[in-house]
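Colleague: Sequence order for the protein chains is A, B and C. Using the numbering used here, read the first sequence as starting at 1 and increasing by one per residue. Using the numbering used here, read the second sequence as starting at 331 and increasing by one per residue. Using the numbering used here, read the third sequence as starting at 504 and increasing by one per residue. Heads up, the beta-carbon is just placed ideally off N, CA and C, and yes, glycines get one too. Computed from a prediction, not measured in an experiment: that's the story for all the values here. Could you have a look at this structure, given as structure tokens, before my questions?
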Amino acid sequence: MKKIIFTLTIMLFLSSCSPINSAKDKISADFYAMDTPMVLTAYGDNAKPAIKAIKTEIIDLDKKFDRKNEDGELYNFNINGKVLVSDDLADIIAKSVEISDLTGGAFDITVSAIMDLWGFYDQNYTVPDDALIQKKLEKTGYKHITLDGNLLTAISMLDLGGIAKGYASDRAMKILKSYGVSSAILSLGGNILAYGTRPGGGYWNVGIEDPVQTDKVIATVEVSDKFVVTSGTYQRFFEKDGVFYHHIIDPKTGYPADNGLTSVSVIADSGTLADGLSTGLFVMGLEKAKEYLMAHPEIGAVFIDRDSTVYYTPNLSGVLKTDAKKTALF
Amino acid sequence: MKTKKLVFMAILLSLSLAIYVLEAQIPPILPIPGFKLGLANVITLFALCTLKKSEAFVILVMRIILGSVFSGGMSAFLYSISGGILCFMTEAPIIVKFPRRQLWIISVLGAAAHNAGQVATAFLITKTPYIIWYIIPLTAVSVITGIFVGMIAAILLSHSNGILKKLTKDIDA
Amino acid sequence: MRAKIFTVIFAAVLIVCGAASLYIMKHKTPASIVLIKSDGKVVRRIDLKAVTRPYEFEVKAEYGYNRIYIDGDGIRITDADCPDKICIRHGVLKSNFSPIVCLPHKLTVIFENADGNIDAVTD
């Protein structure tokens, strides 16, 4: 009898200690910057000042990198074509050019001039005249960008929309480190930084959006201290005369990269690289991307094609979960 | 099977069916999915005490099938049948081991088993694991409803002792 | 003697489960994205934080409909043609310990983080 009462008392105690994290030390901020919603969440002691510092940093970078902002640096550069720029702008452009070199020009910050022709800048979608595209192609290309110290020169206008969020997430990681935060998950418009471990310990679970049913997740990856970035056709697109045109333009052809892929996610140690590569690998297509990834085994990548088949790099085999058809890339 | 026994079983079935359908019309006291008094279990207990196990089982299953036809439909059937069978499997083997005045113990255990079966089915159907948490309030409530139902069954049994004696003579024959 | 043991056990179960139920009723899941599942499949995914104006819609399933209403207080079911109306009486979704459930219609409403434990979604 005593035993029963004892056991039940223990049970009562155990049940009062709920296994679910009460998340009292959770700090969140959500705001709009870089044309996209930002959701920042951090846990633990220094979470509050760290989140505040990250928010300030993102808004500051947005001002500099936004080509629409008339008081911004990039706006000023796009008008003049030759300007002495800040360290931040010089740095992001140097890194962009680096990624362009890595991807053989598949990622290119000068492609925006052609994206504008298609109307992706102001949502006035149209299929441009081919002659117009060919003419514009002559005046674009990352090779025309030169950086002499902080003196930036280029013959075409630049748009950092494809890299700024990734770059900002790298900065966010630095801030989290300097504040000694151990656990944070940031979404900069879908660019994810999964920092440290989950508050209860263990890997973060990052979902990859289903390109067909965009309110669902097609796969998840378990990561820690990684950046996860996706480029997908479903993010911006239009239909004209029954043809589907999306916003991932191949810098070499001036047309949307039409290679059967619908989304590419990159998992890397650098946000800038992950952001640039997600676009670059998409443009390269499955076969060329495979060659690149075989040479860079530290990068994880997930490809989804029109049949919703999931292709993944073998370094993800233990951490990728999906109910869809899946195939290792090599 | 003797006609009298058949009639007796039919009466029990129609009684339990009436109770079941009537209970389905009353809005539940607590807004917990799966919660109900389980009054129809009075008849299952009664049948277990007066008939063979297999016969009590037939009454239960028939009641659930017919009850779903009258009120509820297919998904109600799935919840009821899984709960009902689990409840029966708990009650039937132990009922002979307890005196009739302790019927409430059987009834509580049966009610808890019924909830477990129902919640498990609800989890399988909705594929929402968090539904399992409802087992906690449901178990708490099943202690009370189980005692209540068990006591009604005991009262029913003691009041029908005279009739039963007459009946059993014929039924067992 | 046996009756006494069962009395104690049942009383203890009643106290433990009753206390846990009270905890469950008070608990709030700190999440803003809700999933509406019909017949085991996610049919809607809504970020409550992104709701600026109250709105409602119906989820129709094989056995009937549930009208779902969303406003600043959260998400709830305001109408349904199920027999018990438990989903309506449940009120606003507060916690994944007590998801909104309409058993007859195989419908559940839950917060997303509990389902598959996804921390963030890359798009």
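Output the boundary residues of the alpha helix (DSSP H) element that contains glycine 480 (chain B).
Modeller: If you number the second sequence from 1, residue 480 (chain B) lands on position 150. Per DSSP, glycine 480 (chain B) belongs to the alpha helix (DSSP H) from 465-489.
Colleague: For the region 199-233 of chain A, list every residue whose C-beta sits within 8 angstroms of some C-beta in chain C, in sequence order.
Modeller: Listed by position along the chain: Trp204, Asn205, Val206, Gly207, Ile208, Glu209, Thr214, Asp215, Lys216, Val217, Thr220, Val228, Val229, Thr230, Gly232.
Colleague: Taking buried to mean at least 16 other C-beta atoms within 10 Å of its own C-beta, is aspartate 210 (chain A) buried or exposed?
Modeller: Here residue 210 (chain A) refers to the residue found at position 210 of the first sequence. Aspartate 210 (chain A) comes out buried.
Colleague: Give me the chain C residues within the contact set of alanine 452 (chain B), using Cβ-Cβ distance strictly less than 8 angstroms, ordered along the chain.
Modeller: Position 122 of the second sequence, counted from the first residue, corresponds to residue 452 (chain B). Simply Val604, Leu606.
Colleague: Could you name the residues of chain B that leucine 517 (chain C) contacts, counting a contact when the two beta carbons are closer than 7 angstroms?
Modeller: The residue you call residue 517 (chain C) lines up with position 14 of the third sequence. The answer, in chain order, is Ala470, Val473.
Colleague: Taking a cut of 7 angstroms between CB atoms, which residues from the region 527-544 of chain C lie near chain A?
Modeller: Pro533
Colleague: Whole angstroms are fine: how far does the CA of valine 266 (chain A) sit from the CA of tyrosine 75 (chain A)?
Modeller: As a working mapping, residue 75 (chain A) is identified with position 75 in the first sequence. As a working mapping, residue 266 (chain A) is identified with position 266 in the first sequence. So the alpha carbons of these two residues sit roughly 29 angstroms apart.
Colleague: When the distance is taken between beta carbons, is isoleucine 539 (chain C) closer than 8 angstroms to valine 612 (chain C)?
Modeller: Counting from 1 along the third sequence, the entry for residue 612 (chain C) is found at position 109. Counting from 1 along the third sequence, the entry for residue 539 (chain C) is found at position 36. The answer is yes: Cβ separation under 8 angstroms.
Colleague: Three or more beta-carbon pairs under 8 angstroms between the region 445-465 of chain B and the region 591-606 of chain C, yes or no?
Modeller: yes
Colleague: Can you give the Cα-Cα distance for aspartate 91 (chain A) and cysteine 520 (chain C), rounded to whole angstroms?
Modeller: One-based indexing of the first sequence puts residue 91 (chain A) at position 91. One-based indexing of the third sequence puts residue 520 (chain C) at position 17. One C-alpha to the other measures close to 60 angstroms.
Colleague: Where serine 535 (chain C) and leucine 551 (chain C) are concerned, what is the direct C-alpha to C-alpha distance, given to the nearest angstrom?
Modeller: Start at 1 with the first residue of the third sequence, and residue 535 (chain C) comes out as number 32. Start at 1 with the first residue of the third sequence, and residue 551 (chain C) comes out as number 48. Whole-angstrom Cα-Cα distance: 5 angstroms.
Colleague: Report the rounded CA-to-CA distance for valine 223 (chain A) versus phenylalanine 509 (chain C), giving the unit in angstroms.
Modeller: Here residue 223 (chain A) refers to the residue found at position 223 of the first sequence. Here residue 509 (chain C) refers to the residue found at position 6 of the third sequence. Distance between the alpha carbons of valine 223 (chain A) and phenylalanine 509 (chain C) is about 49 angstroms.
Colleague: Any C-beta of chain B sitting closer than 8 angstroms to the C-beta of asparagine 569 (chain C)?
Modeller: As a position in the third sequence, residue 569 (chain C) is number 66, starting the count at 1. Chain B, which has no Cβ nearer than 8 angstroms to the Cβ of asparagine 569 (chain C), makes this no.
Colleague: Can you tell which of A:Asn78, A:Tyr312, A:Gly141 has the C-alpha that lies nearest to the C-alpha of glutamate 287 (chain A)?
Modeller: The count along the first sequence starts at 1 and reaches residue 287 (chain A) at position 287. It is A:Tyr312 whose Cα lies nearest to the Cα of glutamate 287 (chain A).
Colleague: Over the uninterrupted alpha helix (DSSP H) stretch that includes aspartate 170 (chain A), give me the two end residues.
Modeller: On the first sequence, position 170 is the one that residue 170 (chain A) refers to. Note, aspartate 170 (chain A): alpha helix (DSSP H), 164-178.
Colleague: My output table needs one value for isoleucine 27 (chain A): the three-state DSSP class, helix, strand or coil.
Modeller: Working through the first sequence from its first residue, we reach residue 27 (chain A) at position 27. It is a strand residue.
Colleague: Alpha carbons only, please: which of A:Asp323, A:Pro314, A:Lys321 is nearest the one belonging to phenylalanine 330 (chain A)?
Modeller: Against the first sequence, residue 330 (chain A) aligns to sequence position 330. Here the closest residue by C-alpha is A:Pro314.
Colleague: Shorter than 8 angstroms from the beta carbon of asparagine 620 (chain C) to some beta carbon of chain B?
Modeller: In the third sequence, counting from the first residue as 1, residue 620 (chain C) sits at position 117. No, because no Cβ of chain B sits closer than 8 angstroms to the Cβ of asparagine 620 (chain C).
Colleague: Among residues of its own chain, excluding the 5 on either side of phenylalanine 400 (chain B), which ones have a beta-carbon nearer than 7 angstroms to its beta-carbon?
Modeller: As a first step, residue 400 (chain B) must be located in the second sequence, where it is residue number 70. Answer for phenylalanine 400 (chain B): Val351, listed in chain order.
Colleague: Could you tell me whether the Cβ of isoleucine 335 (chain A) comes closer than 8 angstroms to any Cβ of chain C?
Modeller: The shown model of chain A, from 1 to 330, leaves out residue 335 (chain A), and the question about it has no answer.
Colleague: Assuming valine 511 (chain C) is part of the alpha helix (DSSP H), what are its boundary residues?
Modeller: On the third sequence, residue 511 (chain C) is found 8 positions in, with the first residue counted as 1. Valine 511 (chain C) -> alpha helix (DSSP H) spans 505-529.
Colleague: Rank B:Leu378, B:Ala386, B:Ile465, B:Ser490 by C-alpha distance to the C-alpha of alanine 443 (chain B) and give the top, closest one.
Modeller: Position 113 of the second sequence, counted from the first residue, corresponds to residue 443 (chain B). For the residues B:Leu378, B:Ala386, B:Ile465, B:Ser490, the minimum Cα distance to alanine 443 (chain B) belongs to B:Ile465.
Colleague: Fully enclosed by the region 113-139 of chain A, which alpha helix (DSSP H) runs are 4 residues long or longer?
Modeller: Counting only runs of 4 or more residues that sit fully inside the region 113-139 of chain A, the alpha helix (DSSP H) segments are 130-138, in chain order.
Colleague: Alpha carbon to alpha carbon, how far is tyrosine 292 (chain A) from leucine 525 (chain C)? Give it in angstroms, no decimals.
Modeller: Residue mapping note: residue 525 (chain C) aligns to position 22 of the third sequence, counting from 1. Residue mapping note: residue 292 (chain A) aligns to position 292 of the first sequence, counting from 1. Cα to Cα, leucine 525 (chain C) sits roughly 57 angstroms from tyrosine 292 (chain A).
Colleague: Return the residues of the region 426-444 of chain B that lie within a Cβ-Cβ distance of less than 7 angstroms from chain C, sorted by chain order.
Modeller: Gln432, Ile435, Val438
Colleague: Thinking C-alpha only, which one of A:Pro37, A:Met38, A:Pro49, A:Met34 is nearest lysine 26 (chain A)?
Modeller: Within the first sequence, the letter at position 26 stands for residue 26 (chain A). The shortest C-alpha separation from lysine 26 (chain A) is found at A:Pro49.
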